[in-house]
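J.: Sharing a structure here in structure tokens format.
2 protein chains.
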Amino acid sequence: MTILVAYVPRPEGRAALDKGIEIATRRNERLVVVNAGPGGRQEDPSIVNGYEAERVEERLATLPIEAEFKQFVRGKSTIEEIEEMVATLQVSVLVIGLRKRSPVGKLLLGSMAQEILLNVDCPVLAVKAA
Amino acid sequence: MTILVAYVPRPEGRAALDKGIEIATRRNERLVVVNAGPGGRQEDPSIVNGYEAERVEERLATLPIEAEFKQFVRGKSTIEEIEEMVATLQVSVLVIGLRKRSPVGKLLLGSMAQEILLNVDCPVLAVKAA
Numbered sequence: 001m002t003i004l005v006a007y008v009p010r011p012e013g014r015a016a017l018d019k020g021i022e023i024a025t026r027r028n029e030r031l032v033v034v035n036a037g038p039g040g041r042q043e044d045p046s047i048v049n050g051y052e053a054e055r056v057e058e059r060l061a062t063l064p065i066e067a068e069f070k071q072f073v074r075g076k077s078t079i080e081e082i083e084e085m086v087a088t089l090q091v092s093v094l095v096i097g098l099r100k101r102s103p104v105g106k107l108l109l110g111s112m113a114q115e116i117l118l119n120v121d122c123p124v125l126a127v128k129a130a
Numbered sequence: 001m002t003i004l005v006a007y008v009p010r011p012e013g014r015a016a017l018d019k020g021i022e023i024a025t026r027r028n029e030r031l032v033v034v035n036a037g038p039g040g041r042q043e044d045p046s047i048v049n050g051y052e053a054e055r056v057e058e059r060l061a062t063l064p065i066e067a068e069f070k071q072f073v074r075g076k077s078t079i080e081e082i083e084e085m086v087a088t089l090q091v092s093v094l095v096i097g098l099r100k101r102s103p104v105g106k107l108l109l110g111s112m113a114q115e116i117l118l119n120v121d122c123p124v125l126a127v128k129a130a
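Top to bottom, those sequences are chains A and B. Per full-length UniProt numbering, residue 1 is the first one in the first sequence, and the count goes up by one each step. Per full-length UniProt numbering, residue 1 is the first one in the second sequence, and the count goes up by one each step.
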């Protein structure tokens, strides 16, 4: 089975990566970290740059388990890419990061997180940045 | 550490219970299953009746781990009760059930699930009914 992490270059994405590494290592499962988005002419803030991608790959290479980083920037939406991976791989859990609600309490759950939670068949573990 | 399950008497609540039992047994952690809501004069569809509560308790009693069912119907909201338990117990993961989106795709994530995902500090595992 595979632990899948939906990675974004923000604190909540790093929290999801930490948790995915912890679970995959403890359960001795394969870890796949995916960063995906349509890309395009505009800078997409969800897409990891080359420098950060290398740092993630270096970290995965130190783990005692099979682990890989995949990046998809080929026009499909993030949710399409994630659904495809969940359908293809045997995913035991998909780990996503959520932003912490501010003390003012106005934050709503992002549409991406809602799409993932509603559409993906496998269990979804939501963690917050420290 | 404790695995906490937010239980409702619907298929998604039963899916959360199954998953919570699986995780707590595998990890040999304490399991607490909570059913909570304000109650009141109107029938509250989230509140488990006495017959179902007994069935849950019987099932928990057969497990090889410490497991208990707690029901709170004392005027506080479900999210208040759950936040209090997460603050009091050492919760490693809170398990919740989500409804499956229909093929028409119109379902939005319920406000209760959103409140839990945004407000609770511990990791939240969301599972769907089979």
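We put the beta carbon where it would ideally sit given N, CA and C, even for glycine. Since we're looking at a predicted model, the values are computed, not measured.
What number of angstroms, rounded off, separates the C-alpha of K76 of chain A from the C-alpha of L118 of chain B?
T.: 28 Å
J.: Kindly list, in the order they appear in chain B, the residues whose Cβ is closer than 7 Å to that of Q71 of chain A.
T.: Near Q71 of chain A there are no residues of chain B at all, since even the closest Cβ is about 25 Å away, more than 7 Å.
J.: Which of helix, strand or coil does DSSP assign to K19 of chain A?
T.: The answer is helix: DSSP assigns K19 of chain A an H, G or I state.
J.: Need the endpoints of the alpha helix (DSSP H) that T88 of chain B sits in, please.
T.: T78 to T88
J.: Of all Cβ atoms in chain A, is any one closer than 8 Å to the Cβ of L117 of chain B?
T.: Residue contact check for L117 of chain B against chain A: a CB pair falls below 8 Å.
J.: Using beta carbons (cut-off 8 Å, strictly below), is R101 of chain B in contact with chain A?
T.: It does; some Cβ of chain A falls within 8 Å.
J.: Do you know whose CA, among B:M1, B:V8 and B:G110, lies nearest A53 of chain B's CA?
T.: B:V8
J.: Would you please state the rounded distance, in angstroms, between the beta carbons of I82 of chain B and I47 of chain B? I believe it to be under 8 Å.
T.: Between I47 of chain B and I82 of chain B the Cβ distance is about 14 Å, and since that is not below 8 Å, they are no contact.
J.: From this set, B:F72, B:K70, B:V95 and B:E80, which residue's C-alpha is nearest V127 of chain B's C-alpha?
T.: In this structure, B:V95 is the residue among B:F72, B:K70, B:V95 and B:E80 with its C-alpha nearest to the C-alpha of V127 of chain B.
J.: Quick one: does V33 of chain A have its CB under 8 Å from some CB of chain B?
T.: No - not a single Cβ of chain B is within 8 Å of the one on V33 of chain A.
J.: Helix, strand or coil for T2 of chain A, going by three-state DSSP, please let me know.
T.: Here DSSP, grouped into helix, strand and coil, assigns T2 of chain A to strand.
J.: Just to make sure I have the definition right: I need the residues of chain B whose C-beta is within less than 9 Å of the C-beta of D121 of chain A. Which are they?
T.: K100 and K128
J.: A113 of chain A lies in the alpha helix (DSSP H); which residues open and close that run?
T.: That run of the alpha helix (DSSP H) goes S111 to N119.
J.: Express the C-alpha separation of E58 of chain B and Q71 of chain A in angstroms, rounding to a whole number.
T.: C-alpha of Q71 of chain A to C-alpha of E58 of chain B: approximately 47 Å in a straight line.
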